[in-house]
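Peer 1:
Protein chains: 2
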Amino acid sequence: MLHTLEQIAALAGVSRATVSRVVNGQPNVRQAVRERVMRVVEENHYAPHGAARSLARGESNNIGFMSWGNIADVLSNGYWSILAHGIAESCAAHEYFLTVLPAASSNDSSRQGILMSSIASGQFAGVVLSAQFGSDRSITMMKEMGVPMVCIGRKPAHADVPFVQPDNMGGAHMGTTHLLNLGHARVATITGPMNNIEAIERLNGYKLALSEVGISFDESLVMEGDFDEARGHDAAQALLKKHPSAIFCANDLTAMGAIRAAKGAGLRVPQDLSIVGFDNMPICELTTPPLTSVGQPIAEIGRSAIDLLVKQIARQRSDKNGGGLNGHAPSMLFPTQLMVRQSTAVFNPRSPHNRSPSPKPRKSRVQ
Amino acid sequence: MLHTLEQIAALAGVSRATVSRVVNGQPNVRQAVRERVMRVVEENHYAPHGAARSLARGESNNIGFMSWGNIADVLSNGYWSILAHGIAESCAAHEYFLTVLPAASSNDSSRQGILMSSIASGQFAGVVLSAQFGSDRSITMMKEMGVPMVCIGRKPAHADVPFVQPDNMGGAHMGTTHLLNLGHARVATITGPMNNIEAIERLNGYKLALSEVGISFDESLVMEGDFDEARGHDAAQALLKKHPSAIFCANDLTAMGAIRAAKGAGLRVPQDLSIVGFDNMPICELTTPPLTSVGQPIAEIGRSAIDLLVKQIARQRSDKNGGGLNGHAPSMLFPTQLMVRQSTAVFNPRSPHNRSPSPKPRKSRVQ
DNA sequence: TAGAGAACTGAGAGCGCTCTCAGTCTGTTG
DNA sequence: CAACAGACTGAGAGCGCTCTCAGTTCTCTA
């Protein structure tokens, strides 16, 4: 705090350059000198000034995390916390700082301008952004600026931006198949917002699972949600009129809404209605009944995003120094895993709820 | 990205200094010149280089947020998400960046060293830290370095560090009094970890409420928890043997554990057992039954932390420039609010659970 | 023990920006 | 119309660090 390289150099009786070498662990310093400098450094709690170092090196040690919007409820649902935790951890491991960039909604152009200029200012070595919040325009700008970036979730319009995401389709397929194997024939689904690629992929997984067992897709068993509990509740309430015996939900919050709707309608979960969620948040164990859910390795996805980004940054730097090995940065799809809890059960033909429109039960073959 | 002040100056046919004035909105630039420069700046998407600016100005535009530990479950409980959201928002409003500093546990000294030297490096204009995670030693060091800081939660050993926190004692008093007013006489409590000041304050609020109505404090009705669901469950399970008719829990997660324990013991909430939580997390509305909880303005606390910090930073800067008005930065206590939901009810003398050791019901006077 | 080569050290030129200070250019006044 | 205040502008000296390059000191080998 109180000291500069210059002062430490004076105190140790060497030049600035030598102190710099010692501080950065470079070779070519006599052992005795090295120790003397180290002692002075420690005695004075010297630490190199970050901004000066960035300026001199022409590189930043900061990674930007563009995700936080004015979207408090998204944050509070816990998904982002876990993700952020993985991201922060990996940043620390790579010795980068993680800086939170409150993402601007596409229509808030002044905020977006500030955001972009802060990125343009070279404060960030790279940026992690969420497909959900990153506007297409800002992605385009960042591409033009040549800022390394990684997207959490695929961004269809920007296929060239490396991304990390769970195997949404595979997971939804697995969750739906679980229900089908339990003998359910009328499996409904509550999707996420259909402008969201992950929601679409999950719906596709659901469709695939149905078609595999020869059940034709019934549009009336699909309701669009928005990944939130309230919408999940309303959607489920509407769906229950169609007498499904099971509902596959696009995420856990939606599933919690569905459970609430079922209870409200006097149905027992899982005896009258089986429910599957997606994300396997910690909350799944705390609901009544505990929620069967398709799990994704959220923290690991966050970590991998940073790993990918750091690789890109490194490549960019070596490119500048003449190294020419280019090649496309890979994206990563993470496997999902079904966590069976107590919200799903074998199809129950005797449930009063299932008697109305000819349930046609499937032969149960529990996994 | 691609441009420096120098280049913009050349393009606009003026000197560096003039471009600097325009970019920083300073006076004393002819209108015509100002516009010409602005145009060049915009055409080239110029933004000043952050590190260079910090270096030249001798100030950072970054605030450090020291809280994230390797404590994934703390994060995932949502409290920190909401707090972080308030913090991030206020930082953006004050035009600071928010950088996440993964806090080191006190026993991880190498990590702590890195952390401290990054702070010492002057990258941060100030630091927000959590009383829960900030080690006393790092606080002492930061005080020595003169880094402005604000603590989320009081740190008894550092009374001079400004802090923001909810009125824990008042809130606990309110929550407990609510139960007493419902006629409960055997009100148990599950505390937070007793090395945590907030947990202690909440316990004190509980004691105060009891003493106010002349009920003597019964140690056997107190169990120590750790703000987590699992410990809440176990603590409640143990407490139930003492036949309390109500439990005041130090936070919502603990309360959720208590609900689970009650159900496991065949008790109905609230008919056999009333339960109150603390924090009023969004999850309170989703439990069965919805949880009565003492609410604190989490996001506002986060925002205020930054407001306080920014004031300190400003004062420090003006001090350096000769301004001498010092004075102690204020701390802030935020009011709590009781959210009554369905987990609390009037004392029920006919509950089988309440028949054992002479319940001595209090006369119910519902609020 | 001279000479080559390796190991070590320091001087100095930036990185891109800010900010002071001196100089230039107005537009008023007396 | 000379003189002067006030508005404007640019030169230049850093901010604290890194990194190259030239110079110095060792350490071997012949």
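Chains as they are written, first to last, in the numbering used here: chain A, 1 to 367; chain B, 1001 to 1367.
Idealized CB from N, CA, C, for every residue including glycine.
1) Would you kindly report the start and end of the unbroken beta strand (DSSP E) that includes residue 1191(B)?
2) Could you check if residue 164(A) is buried or exposed, using at least 16 other CB atoms within 10 Å of its CB as the buried criterion?
3) When the distance is taken between beta carbons, is residue 1098(B) closer than 8 Å to residue 1063(B)?
4) If the criterion is Cβ atoms closer than 8 Å, does the pair residue 294(A) and residue 113(A) meet it?
5) Using the Cα positions of residue 131(A) and residue 1194(B), report the straight-line distance between them to the nearest angstrom.
6) Can you give the Cα-Cα distance for residue 157(A) and residue 147(A), rounded to whole angstroms?
7) To the nearest angstrom, how far is it from the Cα of residue 1070(B) to the Cα of residue 92(A)?
8) Along chain A, in chain order, which residues have C-beta atoms closer than 7 Å to that of residue 1138(B)?
9) With 9 Å as the limit, tell me which residues of the segment 37-50 of chain A have their beta carbon closer than that to any beta carbon of chain B; keep them in chain order.
10) List the residues of chain B whose Cβ lies closer than 9 Å to the Cβ of residue 97(A), in chain order.
11) Count the other CB atoms, across all protein chains shown, that sit within 10 Å of the CB of residue 201(A); report buried if there are 16 or more and exposed otherwise.
12) Flag this pair as yes or no: are the beta carbons of residue 49(A) and residue 302(A) separated by less than 8 Å?
13) Quick check on DSSP: helix, strand or coil for residue 1156(B)?
14) Which term fits residue 217(A), buried or exposed, when burial requires 16 or more other beta carbons within 10 angstroms of its beta carbon?
15) Scan the segment 1176-1261 of chain B and note each continuous beta strand (DSSP E) run of 3 residues or more that stays entirely inside, going in chain order.
16) Could you list which residues in chain A have their beta carbon closer than 7 Å to that of residue 1055(B), in chain order?
17) Given that residue 1194(B) touches chain A, what residues does it touch there, using C-beta distances under 9 Å?
18) So, for residue 1023(B): in the same chain, excluding its five sequence neighbours on each side, which residues have a beta-carbon less than 7 Å away from its beta-carbon?
19) Between residue 16(A) and residue 33(A), what straight-line distance do the alpha-carbon atoms span, to the nearest angstrom?
20) Could you tell me which of 1255(B), 1066(B), 1265(B) sits nearest to residue 1342(B), measuring between CA atoms?
21) Please list the partners that residue 1288(B) has in chain A, where partner means a Cβ-to-Cβ separation under 7 Å.
22) Does DSSP classify residue 1264(B) as helix, strand or coil?
23) At what residue ranges does the segment 4-65 of chain A contain a whole run of the alpha helix (DSSP H), taking only runs of 4 or more?
24) Rounded to the nearest angstrom, how far is the Cβ of residue 1247(B) from that of residue 1253(B), given a contact under 8 Å?
25) Does the separation of the CB atoms of residue 1161(B) and residue 1149(B) fall below 8 Å?
26) Can you find a C-beta in chain A that's less than 8 Å from the C-beta of residue 1169(B)?
27) Please state the DSSP three-state secondary structure of residue 161(A).
28) Thinking residue 1166(B) and residue 1334(B) are a contact (beta carbons under 8 Å), I'd like their distance in whole angstroms, please.
29) Considering just the uninterrupted stretch of the alpha helix (DSSP H) at residue 1083(B), what are its terminal residues?
30) From the DSSP output, in three-state form, read off residue 352(A) for me.
31) Should residue 1232(B) be flagged as near chain A, meaning a C-beta pair shorter than 8 Å?
32) Return no unless some Cβ of chain B is closer than 8 Å to the Cβ of residue 92(A).
33) In chain order, what residues of the same chain lie with their CB nearer than 8 Å to the CB of residue 973(B), ignoring the 5 residues before and after it?
34) How would you list, in chain order, the residues of chain B whose beta-carbon sits under 7 Å from the beta-carbon of residue 256(A)?
35) Got a sec: is the Cβ-Cβ distance from residue 81(A) to anything in chain B below 8 Å?
36) Can you tell me which of the three DSSP states residue 1147(B) falls into?
Peer 2: From the atom records:
1) The sequence position of residue 1191(B) within the second sequence is 191, counting from 1. Under the DSSP assignment, residue 1191(B) falls in the beta strand (DSSP E) whose first and last residues are 1187-1191.
2) Position 164 of the first sequence, counted from the first residue, corresponds to residue 164(A). By the neighbour-count rule (16 or more Cβ atoms within 10 Å), residue 164(A) is buried.
3) Numbered from its first residue, the second sequence carries residue 1063(B) at position 63. Numbered from its first residue, the second sequence carries residue 1098(B) at position 98. With contacts defined by Cβ atoms closer than 8 Å, residue 1063(B) and residue 1098(B) form a contacting pair.
4) Working through the first sequence from its first residue, we reach residue 294(A) at position 294. Working through the first sequence from its first residue, we reach residue 113(A) at position 113. Contact flag unset, no.
5) The residue labelled residue 131(A) in the question sits at position 131 within the first sequence. The residue labelled residue 1194(B) in the question sits at position 194 within the second sequence. Cα-Cα distance, rounded: 42 Å.
6) Along the first sequence, read from residue 1 onward, the residue named residue 157(A) stands at position 157. Along the first sequence, read from residue 1 onward, the residue named residue 147(A) stands at position 147. One alpha carbon belongs to residue 157(A), the other to residue 147(A), and they sit about 17 Å apart.
7) Sequence index remark: in the second sequence, residue 1070(B) carries index 70 (1-based). Sequence index remark: in the first sequence, residue 92(A) carries index 92 (1-based). Note that residue 1070(B) has pLDDT 49, beneath the 50 cutoff, so the model's placement of it is unreliable and no number is given.
8) In the second sequence, counting from the first residue as 1, residue 1138(B) sits at position 138. Within 7 Å Cβ-Cβ: nothing; residue 1138(B) doesn't reach chain A, min ~12 Å.
9) Only those residues of the segment 37-50 of chain A whose C-beta falls short of 9 Å from the nearest C-beta of chain B are listed: 45, 46, 47, 48, 49, 50.
10) On the first sequence, position 97 is the one that residue 97(A) refers to. The contacting residues are 1062, 1064, 1099, 1100, 1101, 1118, 1123.
11) Position 201 of the first sequence, counted from the start, is the residue given in the question as residue 201(A). The residue is buried, with at least 16 neighbouring Cβ atoms inside 10 Å.
12) Position 49 of the first sequence, counted from the start, is the residue given in the question as residue 49(A). Position 302 of the first sequence, counted from the start, is the residue given in the question as residue 302(A). No, the pair does not count as a contact, with Cβ atoms beyond the cut-off.
13) Counting from 1 along the second sequence, the entry for residue 1156(B) is found at position 156. Helix.
14) Locating residue 217(A) in the first sequence gives position 217, where the first residue counts as 1. Exposed, by the Cβ-count rule.
15) Counting only runs that start and end inside the segment 1176-1261 of chain B, the beta strand (DSSP E) elements of at least 3 residues fall at 1187-1191, 1222-1224, 1246-1249.
16) Here residue 1055(B) refers to the residue found at position 55 when the second sequence is read from its first residue. By Cβ distance, chain A contributes 51, 52, 55.
17) Position 194 of the second sequence, counting from 1, holds the residue named residue 1194(B). Result: empty, since nearest Cβ-Cβ is about 25 Å, beyond 9 Å.
18) Within the second sequence, residue 1023(B) is the residue found at index 23, counting from 1. The beta carbon of residue 1023(B) lies closer than 7 Å to those of 1041, 1048 in the same chain, with the five residues before and after it left out.
19) Taking the first sequence and counting its residues from 1, the one referred to as residue 16(A) is at position 16. Taking the first sequence and counting its residues from 1, the one referred to as residue 33(A) is at position 33. Rounded to the nearest angstrom, the two C-alpha atoms are 13 Å apart.
20) Here residue 1342(B) corresponds to residue number 342 of the second sequence, with the count starting at 1. Of the candidates 1255(B), 1066(B), 1265(B), the one whose C-alpha sits nearest the C-alpha of residue 1342(B) is 1255(B).
21) Working through the second sequence from its first residue, we reach residue 1288(B) at position 288. Within 7 Å Cβ-Cβ: 288.
22) Start at 1 with the first residue of the second sequence, and residue 1264(B) comes out as number 264. Note: residue 1264(B) maps to helix in three-state DSSP.
23) You should have 5-12, 16-23, 31-43, 50-57.
24) Position 247 of the second sequence holds residue 1247(B). Position 253 of the second sequence holds residue 1253(B). Not really, about 14 Å apart at Cβ, beyond 8 Å.
25) On the second sequence, residue 1161(B) is found 161 positions in, with the first residue counted as 1. On the second sequence, residue 1149(B) is found 149 positions in, with the first residue counted as 1. Yes, the pair counts as a contact, with Cβ atoms nearer than the cut-off.
26) The residue you call residue 1169(B) lines up with position 169 of the second sequence. Cβ-Cβ to chain A under 8 Å: no for residue 1169(B).
27) In the first sequence, the residue the question calls residue 161(A) occupies position 161. Residue state, collapsed to three classes: coil.
28) Counting from 1 along the second sequence, the entry for residue 1166(B) is found at position 166. Counting from 1 along the second sequence, the entry for residue 1334(B) is found at position 334. Rounded to whole angstroms, the Cβ separation of residue 1166(B) and residue 1334(B) is 5 Å, and the two are in contact under 8 Å.
29) Within the second sequence, numbered from 1, the residue matching residue 1083(B) stands at position 83. Residue 1083(B) -> alpha helix (DSSP H) spans 1079-1093.
30) What you label residue 352(A) is simply residue 352 of the first sequence in a count that begins at 1. In this structure, residue 352(A) counts as helix in the three-state DSSP scheme.
31) On the second sequence, residue 1232(B) is found 232 positions in, with the first residue counted as 1. Not one chain A Cβ lies under 8 Å of residue 1232(B).
32) Within the first sequence, residue 92(A) is the residue found at index 92, counting from 1. Yes, its Cβ sits closer than 8 Å to a Cβ of chain B.
33) As shown, chain B starts at 1001 and ends at 1367. That puts residue 973(B) outside it, with no answer to give.
34) Taking the first sequence and counting its residues from 1, one reaches residue 256(A) at position 256. Within 7 Å Cβ-Cβ: 1286.
35) Taking the first residue of the first sequence as position 1, residue 81(A) is located at position 81. With respect to chain B, the C-beta atom of residue 81(A) has a partner C-beta closer than 8 Å.
36) What you label residue 1147(B) is simply residue 147 of the second sequence in a count that begins at 1. Coil, per DSSP.
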